[in-house]
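Sequence lines, in order, name chains A and B. Counting with the UniProt record's numbering, you get residues 1 to 315 for the letters of the first sequence. Counting with the UniProt record's numbering, you get residues 1 to 315 for the letters of the second sequence. Positions of the beta carbon are idealized from the N, C-alpha and C atoms, including for glycine. I have placed the structure first, in the form of C-alpha cells, so that the comments after it can refer back to it.
Protein chains: 2
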Amino acid sequence: MSLLTPPAHVDIVEVAPRDGFQSIGDPLPTAEKIRCIQALLDAGITRLEIGSFVSPRAVPQMADIGEIVAAFVDRPGVRLAALVPNLKGAELALASGIRELVFVVSVSETHNRSNVRQGVADSLAGLAAIVERLRTLDEPGGIRLRLDLGTSFDCPFDGRIAWPQVEAVLAPALETTRGIELEVALCDTTGRATPYQVAEHFSRLGERYRDGQLRWAFHGHDTYGMGVANALFALHHGATALDVSTAGLGGCPFAPGATGNTATEDLVYALHGGRVHTGIDLCRLLQAADRIAALPGGQTASHLRSVPREKLTKC
Amino acid sequence: MSLLTPPAHVDIVEVAPRDGFQSIGDPLPTAEKIRCIQALLDAGITRLEIGSFVSPRAVPQMADIGEIVAAFVDRPGVRLAALVPNLKGAELALASGIRELVFVVSVSETHNRSNVRQGVADSLAGLAAIVERLRTLDEPGGIRLRLDLGTSFDCPFDGRIAWPQVEAVLAPALETTRGIELEVALCDTTGRATPYQVAEHFSRLGERYRDGQLRWAFHGHDTYGMGVANALFALHHGATALDVSTAGLGGCPFAPGATGNTATEDLVYALHGGRVHTGIDLCRLLQAADRIAALPGGQTASHLRSVPREKLTKC
Numbered sequence: 001m002s003l004l005t006p007p008a009h010v011d012i013v014e015v016a017p018r019d020g021f022q023s024i025g026d027p028l029p030t031a032e033k034i035r036c037i038q039a040l041l042d043a044g045i046t047r048l049e050i051g052s053f054v055s056p057r058a059v060p061q062m063a064d065i066g067e068i069v070a071a072f073v074d075r076p077g078v079r080l081a082a083l084v085p086n087l088k089g090a091e092l093a094l095a096s097g098i099r100e101l102v103f104v105v106s107v108s109e110t111h112n113r114s115n116v117r118q119g120v121a122d123s124l125a126g127l128a129a130i131v132e133r134l135r136t137l138d139e140p141g142g143i144r145l146r147l148d149l150g151t152s153f154d155c156p157f158d159g160r161i162a163w164p165q166v167e168a169v170l171a172p173a174l175e176t177t178r179g180i181e182l183e184v185a186l187c188d189t190t191g192r193a194t195p196y197q198v199a200e201h202f203s204r205l206g207e208r209y210r211d212g213q214l215r216w217a218f219h220g221h222d223t224y225g226m227g228v229a230n231a232l233f234a235l236h237h238g239a240t241a242l243d244v245s246t247a248g249l250g251g252c253p254f255a256p257g258a259t260g261n262t263a264t265e266d267l268v269y270a271l272h273g274g275r276v277h278t279g280i281d282l283c284r285l286l287q288a289a290d291r292i293a294a295l296p297g298g299q300t301a302s303h304l305r306s307v308p309r310e311k312l313t314k315c
Numbered sequence: 001m002s003l004l005t006p007p008a009h010v011d012i013v014e015v016a017p018r019d020g021f022q023s024i025g026d027p028l029p030t031a032e033k034i035r036c037i038q039a040l041l042d043a044g045i046t047r048l049e050i051g052s053f054v055s056p057r058a059v060p061q062m063a064d065i066g067e068i069v070a071a072f073v074d075r076p077g078v079r080l081a082a083l084v085p086n087l088k089g090a091e092l093a094l095a096s097g098i099r100e101l102v103f104v105v106s107v108s109e110t111h112n113r114s115n116v117r118q119g120v121a122d123s124l125a126g127l128a129a130i131v132e133r134l135r136t137l138d139e140p141g142g143i144r145l146r147l148d149l150g151t152s153f154d155c156p157f158d159g160r161i162a163w164p165q166v167e168a169v170l171a172p173a174l175e176t177t178r179g180i181e182l183e184v185a186l187c188d189t190t191g192r193a194t195p196y197q198v199a200e201h202f203s204r205l206g207e208r209y210r211d212g213q214l215r216w217a218f219h220g221h222d223t224y225g226m227g228v229a230n231a232l233f234a235l236h237h238g239a240t241a242l243d244v245s246t247a248g249l250g251g252c253p254f255a256p257g258a259t260g261n262t263a264t265e266d267l268v269y270a271l272h273g274g275r276v277h278t279g280i281d282l283c284r285l286l287q288a289a290d291r292i293a294a295l296p297g298g299q300t301a302s303h304l305r306s307v308p309r310e311k312l313t314k315c
C-alpha cells in the first residue's frame, strides 16, 4: 500500500477511560468520568475501552466500573470493550452487558510476571478459560475478543523484542481462540518502538496469518516522539484499529513527566490530512480533551492542545 | 519504496545554530555558540546551517556570524551552509569561506511579504542576482545552493497550500538556477502539514523533475506532533536531506509554548531504528542537546530528552 493511498477508514479505539483514568492516583468521581466519556462520544468516538473488571482493592480507580458501564452500555452505535484479567472478570463484564473483552498478555515473560504476577503460560491458560466460557454462550458470535500483546516491540526489563518472541505467544493464543471474533493488538508498552520495527512486525502478521476473521491493531505511546509515525506505519501494514488516549492522558509508569498513549487528537489530525475516515469531529474532540486535561491529578501530553485553538481550521 | 526498506543513508541538516539561536531574544555569547556547535560536530553532525549573513540591526542574534564561521570553516568533513537574504549577504558569506548558500522564498505571497518584506517576484529576482554572481566565480561548481521554499504546505495567513502554488514558485526558481548544484527544501513553516500532504508534494517533485543534479529536502516542525512522521514520509518519497534542530531549539513564532523544528535526536532515534545511516552518535547528540537546552532564554522541545537517560540503550 502506498503512503499516498491510505485505507479509507480506520477504527479509533479510545483508551483514556481505562489506561488514562487508571493512571490517576486518586480515583475520580464517577460522575466526572461519565461526563468525560460523554464528551468523547459527542466527538464521534465509537470504540471505547471503558475500564477494567479488576479487584477494587488492587485497582481502586476501577471500583465503579459497573456504574460506568451501566451509563453507556445501551448506547446505539457505540462499541464498548472492557479489560478482564481472568475468568472472574470476564463473568462480571458479560453480566454487565459488555460485548467485547480485552485480555492482556505480555510477550516478555519478565514483563508479564511484573504486570500480572504470573508467567505467560499461565496467562494463556487464563485466556483459554475465558474462551471456553465464551463457547458455552448461546450467542458466541455476539461476543468479541481483543487480545493485547504487551511488550510486542520492547520490554522495560529485557530490551528489544524480536519477531519470533511475538510469534511464540501469538501462535498458541490463536490456536486457543479459533472461531472467536478476534482482534489482536501489538502493544508498544514502553513507547520505544520505532516506525520501522512496527512496519516489520505488522508485515510479518500479514504474511503469516490470512484468516479473514482476524483483525490487527496497534497500541502505542508517544514517550519517544514516535506515536503518530508508529501508528501510521502500522496502518500502512495492515492494522485496522489504532489505540489512542484523548489529551494523551496516561503518563508513563516508569518515567515521571514522560507521556502516555499517543493523543487521539494528534493522530486524528494526521489521519484526516490523508482523508482517512474516523467519524470523529476534531473540534469536539478538543473540547473533550480540554475536559480530560482539567482532571485533577491527570498527566497529559498533546501537541494539538498546545497550539492556540484558532490555528486549528474549523475549530 | 516500501516502508520496510528505507534508504541506506540520509543527510541530517542541523539548523539549531540558525533557526534555534535566532529564536533566543538576547543574543548568546559567541563562545557559548561555538561550544554548542562543537558539541554537535562531536556527535557526528556533518551538515550544519551555521547562521545568517543578515543585518545585525535587523537580527542582532547573528551579529557574530563572521566569528562563528571562522571557528569552523576549515573543519574537514563538515559541510557548512549560511542563510543569505540577498546579494550583499551572499558576498559576505562567500568572503567568509562559506561554500553553501541558503536562500529563502515563501510559496505564499502573503507570508513572503511578512517574512522578507518583498513579493515573491522580487525574491526570485534576488535569487537570480545571487546565481548570476555565482556564475562569475572561477569555481562555480564549488558552490552549492540550497533553496528553502517556505510555507510549502501551509501558510499562517492563507491556510493550506496546494501543489500548484509550490510549482508556481519552484518552476521559475529552477529555470534561474540551471547548472548550479541545487538542493530544494519544501518547508513546513507552521508545522501544520500532515504526513499525507508531505507524501503528495514530494511524489509530485519526483514525477516532474528528474534532473540528476537536483536534490530534495524537507524542513519540518513538530508543533502539531507530525515532526517525525512528516520527515519519514518525505524520506520515503525522495527527500535525501532532513532539517532538524537539536533539543528542538527554536520555538514557534506565532505560538508561545509551541515547539520549533523537529528535534534532531527524535528523528535520529527513528532513523536508526530502520538502520538508516546518519553518521550520528545518539548518546553524544543527547549531550549536545543537554548543553543547548541549558542555554538561557532558549525554548526547547524534545521527546528523547524527556525520558530518563538510562532508558536509552547505550546512552
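Scanning its chain for C-beta atoms nearer than 6 Å, with the 5 sequence neighbours on each side dropped, one finds around Thr190 of chain B the residues Asp154, Pro156, in chain order.
As the crow flies, the alpha-carbon of Ile34 of chain A is around 15 Å from that of Arg47 of chain A. Using beta-carbon distances, Pro164 of chain B does not count as an interface residue toward chain A, since no partner is under 8 Å. One thing to note: Thr246 of chain A has its Cβ within 8 Å of the Cβ of Thr264 of chain A. By alpha-carbon distance to Asp138 of chain B, the top candidate from B:Gly298, B:Asp122, B:Asp266, B:Leu94 is B:Leu94. For Asp158 of chain A, the closest Cβ of chain B is not nearer than 8 Å. Taking each of A:Ala90, A:Leu214, A:Val166 in turn and checking the Cα distance to Leu182 of chain A, the smallest one comes out for A:Leu214. The beta-carbon of Gly51 of chain B is placed no less than 8 Å from the nearest beta-carbon of chain A. No Cβ-Cβ contact shorter than 8 Å links Thr223 of chain B with His221 of chain A. For Asn261 of chain A, the secondary structure class from DSSP, reduced to helix, strand or coil, is strand. For Ser203 of chain A, at least one C-beta of chain B is nearer than 8 Å to its own C-beta. The beta carbon of Leu186 of chain A does not come within 8 Å of any beta carbon belonging to chain B, so the residue lies off that interface.
Under the three-state reduction of DSSP output, Ser106 of chain B falls in the strand class.
Counting along the chain, Asp290 of chain A sits inside the alpha helix (DSSP H) bounded by residues 282-293.
Between Ile37 of chain B and Ala82 of chain B, the gap from beta carbon to beta carbon reaches 8 Å or more. Closer than 9 Å at the C-beta level to chain A, one finds no residue of the segment 99-130 of chain B. Beta-bridge analysis with DSSP links Cys155 of chain B to B:Gly159. In the DSSP assignment, Arg47 of chain B falls within the unbroken beta strand (DSSP E) covering 47-52.
Collapsing the DSSP output to three states places Arg192 of chain B in coil.
Identification of residues in the segment 189-220 of chain B having a C-beta nearer than 7 Å to some C-beta of chain A yields Thr194, Pro195, Tyr196, Gln197, Ala199, Glu200, Ser203, given in sequence order.
For secondary structure counted as the beta strand (DSSP E) over 3 or more consecutive residues, the segment 18-91 of chain B holds these complete runs in sequence order: 47-52, 79-83. A:Ile12 is the residue among A:Pro6, A:Thr5, A:Ile12, A:Ser2 whose C-alpha sits nearest the C-alpha of Asp266 of chain A. If you compare the alpha carbons of B:Ala168, B:Trp163, B:His277, B:Gly248 with that of Gly44 of chain B, the shortest gap goes to B:His277.
Out of B:Leu92, B:Asp211, B:Ala16, B:Pro27, the CA that lies nearest to the CA of Met62 of chain B is found in B:Pro27. At a cut-off of 8 Å between beta carbons, Asp266 of chain A contacts chain B.
Any Cβ of chain B closer than 8 Å to the Cβ of Leu304 of chain A would place that residue at the interface, and such an atom is present. Taking a Cβ-Cβ threshold of 8 Å, the residues of chain B close to Val228 of chain A are Pro195, Gly225, Met226, Val228, Ala229, in chain order. Between Pro17 of chain B and chain A, the shortest Cβ-Cβ separation is not below 8 Å. By the rule that beta-carbons nearer than 8 Å mark a contact, Ala43 of chain A does not touch chain B. Taking 8 Å as the threshold, the shortest C-beta distance from Gly297 of chain A to chain B does not fall below it. Under DSSP, Glu183 of chain B shares a beta bridge with B:Arg146, B:Arg215.
Within 9 Å of the CB of Ala289 of chain A, no CB atom of chain B is found; the nearest one sits about 13 Å away. Judged by their CB atoms, Phe202 of chain A and Ala162 of chain A are not nearer to each other than the 8 Å cut-off.
Straight-line measurement puts the Cα of Tyr196 of chain A at about 18 Å from the Cα of Ala270 of chain A.
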